[in-house]
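In numbering that gives the first Met the number 0, the protein residues as written are 0 to 396.
For every residue, glycine included, the Cβ atom is placed at its ideal position computed from N, Cα and C.
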Amino acid sequence: MFDKIEDLLEDLKQGKNVIIVDDEDRENEGDFVCAAEFATPENVNFMAKYARGLICMPMTKEYTKKLGLPQMSSLNTDEHTTAFTISIDHADTTTGISAGERSLTAMKTVEEGATPNDFKRPGHMFPLEAVEGGVLARNGHTEATVDLMRLSGLKPVGLCCEIMNDDGSMARRDDLFKVAEEHDLKIGTITDLIEYRKANEELIVRESKAKLPTKYGEFDIYAYEHKFTGEHHVALVKGDVSDGEPVLCRIHSECLTGDVFGSKKCDCGEQLETALEKIAEEGRGVLVYMRQEGRGIGLVNKIKAYALQDQGHDTIEANLLLGLPVDAREYYECKQIFDDLGVSRLNLMTNNPIKISTLDKYGLKIENRIPIQTKITDEDRDYLATKKNKMGHYLDL
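Written out as structure tokens, the structure reads:
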């Protein structure tokens, strides 16, 4: 059983090592992680002795810039684009390799007055530059280390080291649990760290609000932007929705072909119109319009999937043949939009059980599910049957 992210953060604040594990379909590895502020000779020696991998020093771009650390390679061909900078030793080290001297180098990087001239190049500590957005942008140990430091209230520089078995092979999940138990360390996953950030950080920012007259009546339109991806979403709001009472709501994923061009391959356009009509009739409600074209795979990939559907594959088979997820949509952004609007209790127009369970996980109360089924046509019958039979959608066919 993995530990909660909160427990890892508490141990990091106390200067302890923790173990962080990435996905089994990525590197499938675990790293010891500790803060550079607490990179004592004992912590460094612990990593060298019991992890046995390369001790690296993940940090933000601000720190690599402050310390004058260029990338190790101008042409990064690593499968995961691991961003090694040139290696360093502190100027006061001798060989730089002992636990004590690597400790000195690490702890000197986070001193307020540290400058590029304080370090020799190359050296025996290996800085890594984390991407902006952390694990939300790249689910690697580099970003996980920096995110854990930041969330712990520590300086965003840490140490990480891959854990190997006694025989030199990489420690996998069962091995890592044994290591955690043997050394009484907390162990967590990057996946859980991603979910922790989605649930606890403000990632969606309201940028503007305006009046929007439509054929369904006048709405207020709210524009939102994701802090890291720059993606835009909007919410159409009618009436007072912040009084604590359940609100008629619809989360609609962008579908250019259906919403704009009237495609008959899906029921998206009809669902959009139906939702706006129902909100207008109610006189109160919210439609969140998410930029999640093609269930999150993007417009071009959706058209590629259409081409495969023309050859007889269903919507799920087409995505899988393209090496894409069946449904790549995220709903934490919707939760943050509803939070901004003061909506916590929803009468949700949906046929999708995943929307309900995911929004519930993020703390929204789904008071009622309102079916939103439009007239079935010969063109979209097979598509809807696939959604019902393979995706579990609530549809009456």
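Within the same chain, Cβ atoms closer than 7 Å to the Cβ of Lys210 are found at Glu217 and Asp219, the five residues on either side in sequence being excluded. For Cys267, the enclosing alpha helix (DSSP H) begins and ends at Cys267 to Glu281. By the C-beta density criterion, Glu131 is exposed, having fewer than 16 other C-beta atoms within 10 angstroms. Note on geometry: alpha-carbon atoms of Asp309 and Tyr382 lie some 12 Å from one another.
For the pair of segments examined, the region 282-291 was found to touch the region 223-237: the number of CB pairs separated by less than 8 Å reaches three. Assigned with DSSP and collapsed to three states, His140 falls in helix. The beta carbon of Asp339 sits closer than 8 Å to the beta carbons of Ile203, Arg205, Tyr221 and Tyr223 from its chain, once the five residues preceding and following it are set aside; these are given in chain order.
The shortest C-alpha to C-alpha distance from Glu378 to any of Gly261, Leu275 and Cys333 is the one to Gly261. Restricting attention to beta strand (DSSP E) runs no shorter than 3 residues, the region 93-180 encloses them at 118-128 and 157-162, ordered along the chain. About 19 Å separates the CB atoms of Asn350 and Pro324; that is not less than 8 Å, and the two are not in contact. Excluding its 5 nearest sequence neighbours in each direction, Pro40 has C-beta neighbours in its own chain below 7 Å: Ala98, Gly99 and Ser102, listed in chain order.
Annotated as distal: Val109 and Glu28, with beta-carbon spacing of 9 Å or more. DSSP places Pro370 outside any beta strand (DSSP E), giving it a letter other than H or E.
In the assembly as shown, Arg196 is a buried residue. Its beta-carbon has 16 or more other beta-carbons within 10 Å. In chain order, Ser102, Ala105, Met106 and Leu158 place their CB closer than 6 Å to the CB of Ala38, counting only its own chain and leaving out the 5 sequence neighbours on each side.
Secondary structure of Gly293 (DSSP, three-state): helix. Cβ-Cβ separation between Glu128 and Thr84: approximately 6 Å, consistent with a contact (criterion under 8 Å). DSSP places Ile355 inside the alpha helix (DSSP H), whose first and last residues are Pro352 to Lys360. Within the same chain, and ignoring the five residues on either side of Leu320 in sequence, the residues whose Cβ sits closer than 7 Å to its Cβ are Leu307 and His312.
A check of alpha carbon separations from Arg380 across Lys360, Ala274, Asp326 and Lys263 identifies Lys263 as the nearest. Contact annotation: Arg328 and Gly295 have beta-carbon atoms nearer than 9 Å.
Beta-carbon to beta-carbon, Ile87 and Met124 are separated by about 6 Å, close enough to satisfy the 8 Å threshold. Around Asp326, the same chain offers Arg294 as residues with beta carbons nearer than 6 Å, after the five sequence neighbours per side are excluded.
Secondary structure note for Leu68: it is in no beta strand (DSSP E), with a DSSP letter that is neither H nor E. Judged by DSSP in its simplified three-state form, Ala90 adopts coil rather than helix or strand. DSSP, reduced to helix, strand and coil, places Tyr331 within a helical segment of the structure shown.
With a minimum length of 4 residues, the unbroken runs of alpha helix (DSSP H) contained wholly in the region 185-226 fall at 189-199.
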